[in-house]
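*Asks:* Just passing along the structure, written as structure tokens.
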Ligand code: 16G
Ligand code: ZN
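Residue numbers (UniProt numbering): 2 to 532.
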């Protein structure tokens with residue numbers, strides 16, 4: 002077939018280095034950018050097949066998120082804006098690792114296994130972050146799509162969540178919004194302004210927020226959003242990409258791991274600051290107190306703030322909808338305890354990785370999910386959304402219920418439900434703080450984090466560690482969990498677990514306890530037990 006000839010000819014322009022093996026992991030493919038040209042071409046091919054199979058538009062995002070600037074990566078986006086189905090992750094790995102002369106064979110075997118009709122049309126959206134390598138790598142994706150006769154819409158520079166949003170808008174025939182950047186800014190900013198503009202007595206201080214753009218795409222997009230929300234939020238943008246290097250000494254990952262302010266941000270007592278990561282799908286907040294101590298408000302604090310706000314609105318609106326918070330093993334024990342015991346919301350724990358949290362959150366009327374690292378969003382079921390919209394229109398309800406219903410409606414519109422979105426999460430957090438009249442310190446004092454420590458351990462083969470119970474218990478090697486249990490017993494309010502990383506060749510160790518010294522000791526002892 003002519004199509005295969007084109008694939009064959011064009012694939013030689015994107016040759017695979019012999020013997021190079023890569024895996025589509027929790028964050029797609031990720032490595033030094035110089036190893037990725039053939040991967041991008043092949044992901045263009047795979048996205049085209051996925052589009053023919055699903056009869057929907059598929060997204061391909063070129064980014065390596067918080068990795069250093071010289072790295073890059075690629076992720077596929079499924080029709081409703083979610084991560085690509087797990088079975089197709091396996092195809093992605095197979096296709097990526099086929100040597101040059103067996104590429105066609107591998108491609109045909111996927112077509113056969115999935116019963117794909119090659120005469121179906123295919124549509125692929127492509128987006129990229131600001132890395133120097135991203136433009137040529139996204140061109141390789143385009144070449145792959147065109148080789149199989151697919152149609153491309155190249156969005157150029159967008160954040161990861163913006164591309165997820167575009168894919169969802171397109172496939173829901175604009176029910177979710179219009180698939181343009183203008184449409185994205187309009188929808189989110191209108192909801193934000195509706196939520197905030199009637200809030201009384203907001204001072205200029207409360208309307209001001211320092212944003213660390215990680216010298217990446219998030220900074221660029223904040224500049225585009227800023228005119229839309231200027232009347233209600235004054236954004237002081239630092240690490241805007243004009244001088245510093247992407248993710249270098251800045252960004253959400255740096256702040257979370259180092260527990261300190263990024264370069265370029267001078268903390269003023271009590272002033273709210275937030276950091277995005279390199280593709281703007283993660284956000285953390287922080288501030289410094291009167292003693293100069295640094296306080297981090299991570300994904301757990303964000304989930305607590307948002308779920309508390311939603312629960313209050315549901316009560317005021319007299320809507321009987323179940324709200325749940327989805328966390329991972331990394332969630333601070335204090336946050337889980339607060340949510341379960343004080344807030345009385347359902348808390349569910351899943352394996353690390355956005356797709357697991359997203360999937361679990363879909364089971365509830367309202368599913369709030371956040372990883373401690375700042376990636377998360379809120380999902381509203383179709384039925385929940387419908388009930389909220391009906392209540393807004395109901396002429397027979399009192400003003401309090403109507404007000405709460407209206408706030409809920411705008412909250413739904415402000416949230417990017419396809420995936421965690423730093424820009425959308427930021428506006429939601431700002432709106433919640435404004436509506437509830439809370440300072441960043443008030444928010445921080447909802448509960449106090451248990452001191453914790455994370456360590457990495459290098460072992461000869463991390464796959465010997467197998468876990469269960471959402472990665473909180475080790476099944477193999479034999480004896481490891483017993484050893485961890487015995488160590489944990491020595492400390493107060495303690496908890497520890499180990500899990501093989503999905504993105505690095507290391508085993509991760511997490512420990513928390515009633516004091517920093519205890520958490521440090523426990524983490525150290527557990528890491529020795531891993532060896
Ligand atoms: C990936 C995941 C992130 C997770 C991290 C864990 C997505 C989009 N990203 O970056 O959610 O926290 O992996 O990494 O799912 P680890 O397995 O190395 O600890
Ligand atoms: Zn990211």
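Glycine included, C-beta positions come from ideal geometry on N, C-alpha and C.
Using 8 Å as the cut-off, can you tell me whether the stretch 430-444 makes contact with the stretch 475-489, which would need three or more C-beta pairs spanning the two stretches below that distance?
*Replies:* Judged by Cβ distances under 8 Å, the stretch 430-444 makes no contact with the stretch 475-489, as fewer than three pairs qualify.
*Asks:* Would you mind giving the Cβ-Cβ distance between residue 294 and residue 451, rounded to the nearest angstrom? I have them listed as a contact below 8 Å.
*Replies:* What you label residue 294 is simply residue 293 of the chain shown in a count that begins at 1. What you label residue 451 is simply residue 450 of the chain shown in a count that begins at 1. About 17 Å separates the two Cβ atoms, so there is no contact after all.
*Asks:* Count the other C-beta atoms from every protein chain shown that fall within 10 angstroms of the C-beta of residue 243, then say buried if there are 16 or more, exposed otherwise.
*Replies:* Position 242 of the chain shown holds residue 243. Flag for residue 243 reads exposed.
*Asks:* Quick one: residues in its chain with C-beta nearer than 6 Å to the C-beta of residue 24, no 5 flanking neighbours on either side, listed in chain order?
*Replies:* For the purposes of this step, residue 24 is taken as the residue at position 23 of the chain shown. Result list for residue 24: 94, in chain order.
*Asks:* With respect to 7 Å, is the separation between the Cβ of residue 509 and the closest non-hydrogen atom of the ligand 16G below this value?
*Replies:* By 1-based counting over the chain shown, the position of residue 509 is 508. Residue 509 Cβ: within cutoff of the ligand 16G.
*Asks:* For residue 453, write down the residues that DSSP places opposite it in a beta bridge.
*Replies:* Taking the first residue of the chain shown as 1, we reach residue 453 at position 452. 513.
*Asks:* Under the criterion of a Cβ to heavy atom distance below 7 Å, does residue 74 qualify as lining the ligand ZN?
*Replies:* What you label residue 74 is simply residue 73 of the chain shown in a count that begins at 1. No - the ligand ZN has no heavy atom lying nearer than 7 Å to the Cβ of residue 74.
*Asks:* Anyone know if the C-beta pair for residue 42 and residue 150 falls short of 8 Å?
*Replies:* As a position in the chain shown, residue 42 is number 41, starting the count at 1. As a position in the chain shown, residue 150 is number 149, starting the count at 1. No.
*Asks:* May I ask you to check if the CB of residue 459 is nearer than 7 Å to at least one heavy atom of the ligand 16G?
*Replies:* In the chain shown, the residue the question calls residue 459 occupies position 458. Residue 459: no, Cβ never under 7 Å from the ligand 16G.
*Asks:* Mind checking residue 274: buried by the 16 CB within 10 Å criterion, or exposed?
*Replies:* The count along the chain shown starts at 1 and reaches residue 274 at position 273. Counting Cβ neighbours within 10 Å, residue 274 comes out buried, since at least 16 surround it.
*Asks:* Using a Cβ-Cβ cut-off of 7 Å (strictly less than) and excluding sequence neighbours within five positions of residue 351, which residues of its own chain qualify?
*Replies:* In the chain shown, the residue the question calls residue 351 occupies position 350. Counting only Cβ-Cβ distances below 7 Å, and skipping sequence neighbours, we find 327, 329, 357, 358, 361, 471.
*Asks:* Examine the ligand ZN and report whether any of its heavy atoms sits within less than 7 Å of the Cβ of residue 66.
*Replies:* Taking the first residue of the chain shown as 1, we reach residue 66 at position 65. Yes, the ligand ZN has a heavy atom inside 7 Å of this Cβ.
*Asks:* Should residue 132 and residue 37 be called a contact, given that it needs their Cβ atoms to be closer than 8 Å?
*Replies:* Counting from one through the chain shown, the residue named residue 132 turns up at place 131. Counting from one through the chain shown, the residue named residue 37 turns up at place 36. In this structure, residue 37 does not lie closer than 8 Å to residue 132 by Cβ.
*Asks:* Rounded to whole angstroms, how far is the Cβ of residue 366 from the Cβ of residue 429, which I believe are closer than 8 Å?
*Replies:* The count along the chain shown starts at 1 and reaches residue 366 at position 365. The count along the chain shown starts at 1 and reaches residue 429 at position 428. Rounded, the Cβ-Cβ distance is 18 Å, inconsistent with contact.
*Asks:* So, helix, strand or coil for residue 72, using DSSP?
*Replies:* To locate residue 72, count along the chain shown from 1; it is residue 71. The answer is strand: DSSP assigns residue 72 an E or B state.
*Asks:* With three or more beta-carbon pairs closer than 8 Å as the criterion, would you say the stretch 252-264 touches the stretch 368-378?
*Replies:* With the cut-off at 8 Å, the stretch 252-264 and the stretch 368-378 touch.
*Asks:* Under 8 Å: do the stretch 79-86 and the stretch 414-434 share three or more Cβ pairs, one atom per stretch?
*Replies:* Yes: at least three Cβ pairs fall under 8 Å.
*Asks:* Out of 332, 308, 404, point me to the one whose CA is closest to residue 381's CA.
*Replies:* Locating residue 381 in the chain shown gives position 380, counting from the first residue. Of 332, 308, 404, the residue nearest in Cα terms is 308.
*Asks:* Note the first and the last residue of the continuous beta strand (DSSP E) segment covering residue 11.
*Replies:* Sequence index remark: in the chain shown, residue 11 carries index 10 (1-based). No beta strand (DSSP E) holds residue 11; the alpha helix (DSSP H) holding it covers 3-12.
*Asks:* Closer than 7 Å to a non-hydrogen atom of the ligand ZN - does that hold for the CB of residue 353?
*Replies:* Indexing the chain shown from 1 puts residue 353 at position 352. Not under cutoff, so the answer is no.
*Asks:* Can you find a heavy atom of the ligand 16G that lies under 7 Å from the Cβ of residue 28?
*Replies:* As a working mapping, residue 28 is identified with position 27 in the chain shown. Under cutoff, so the answer is yes.
*Asks:* Please work out which residues of its chain come closer than 8 Å, Cβ to Cβ, to residue 232, disregarding the five sequence neighbours upstream and downstream, and give them in chain order.
*Replies:* Within the chain shown, numbered from 1, the residue matching residue 232 stands at position 231. Result list for residue 232: 194, 198, in chain order.
*Asks:* Can you look up residue 62 in the DSSP assignment and give me helix, strand or coil?
*Replies:* Walking along the chain shown from the start, residue 62 turns up at place 61. Note: residue 62 maps to strand in three-state DSSP.
*Asks:* Report yes if the C-beta of residue 360 is less than 7 Å from at least one heavy atom of the ligand MG; otherwise report no.
*Replies:* This structure lacks the ligand MG; the ligands present are the ligand 16G and the ligand ZN.
*Asks:* Would you list, in sequence order, the uninterrupted beta strand (DSSP E) runs of no fewer than 3 residues that lie entirely inside the UniProt domain "Phosphoacetylglucosamine mutase AMG1" (299-437)?
*Replies:* Counting only runs of 3 or more, we get 324-329, 347-351, 367-371, 377-381.
*Asks:* Measuring alpha carbon to alpha carbon, tell me which residue in 72, 20, 71, 119 is nearest residue 51.
*Replies:* Sequence index remark: in the chain shown, residue 51 carries index 50 (1-based). Answer by Cα proximity: 119.
*Asks:* Any chance the stretch 396-408 sits against the stretch 448-467, with 3 or more Cβ pairs inside 8 Å?
*Replies:* No, the stretch 396-408 is not in contact with the stretch 448-467.
*Asks:* How is the beta strand (DSSP E) around residue 239 delimited, first residue to last?
*Replies:* Here residue 239 corresponds to residue number 238 of the chain shown, with the count starting at 1. Per DSSP, residue 239 belongs to the beta strand (DSSP E) from 235-239.
*Asks:* From this set, 389, 498, 492, 488, which residue's C-alpha is nearest residue 469's C-alpha?
*Replies:* Translated into the one-based positions of the chain shown, residue 469 becomes position 468. Taking only the C-alpha atoms, the option nearest residue 469 is 498.
*Asks:* Does the ligand ZN have even one heavy atom less than 7 Å from the beta-carbon of residue 280?
*Replies:* The count along the chain shown starts at 1 and reaches residue 280 at position 279. Indeed, a heavy atom of the ligand ZN lies less than 7 Å from the Cβ.
*Asks:* Check whether the Cβ atoms of residue 164 and residue 44 lie closer than 8 Å to each other.
*Replies:* Start at 1 with the first residue of the chain shown, and residue 164 comes out as number 163. Start at 1 with the first residue of the chain shown, and residue 44 comes out as number 43. The answer is no: Cβ separation not under 8 Å.
*Asks:* Whose C-alpha, out of 290, 512, 285, is nearest the C-alpha of residue 302?
*Replies:* Reading the chain shown from its first residue, position 301 is the one you call residue 302. Among 290, 512, 285, the Cα nearest to that of residue 302 belongs to 285.
*Asks:* Quick check on the DSSP output: what are the complete beta strand (DSSP E) runs of length 3 or more inside the stretch 131-204, in order along the chain?
*Replies:* You should have 152-158.
*Asks:* Have a look at the DSSP bridge pairing and note the partners of residue 78.
*Replies:* One-based indexing of the chain shown puts residue 78 at position 77. 60, 84, per the DSSP bridge assignment.
*Asks:* Could you check what DSSP says for residue 296 in three-state terms: helix, strand or coil?
*Replies:* The count along the chain shown starts at 1 and reaches residue 296 at position 295. Three-state result, residue 296: strand.
*Asks:* Would you call the stretch 277-292 and the stretch 380-396 touching, i.e. three or more CB-CB distances under 8 Å?
*Replies:* They do not touch, by the three-pair rule.
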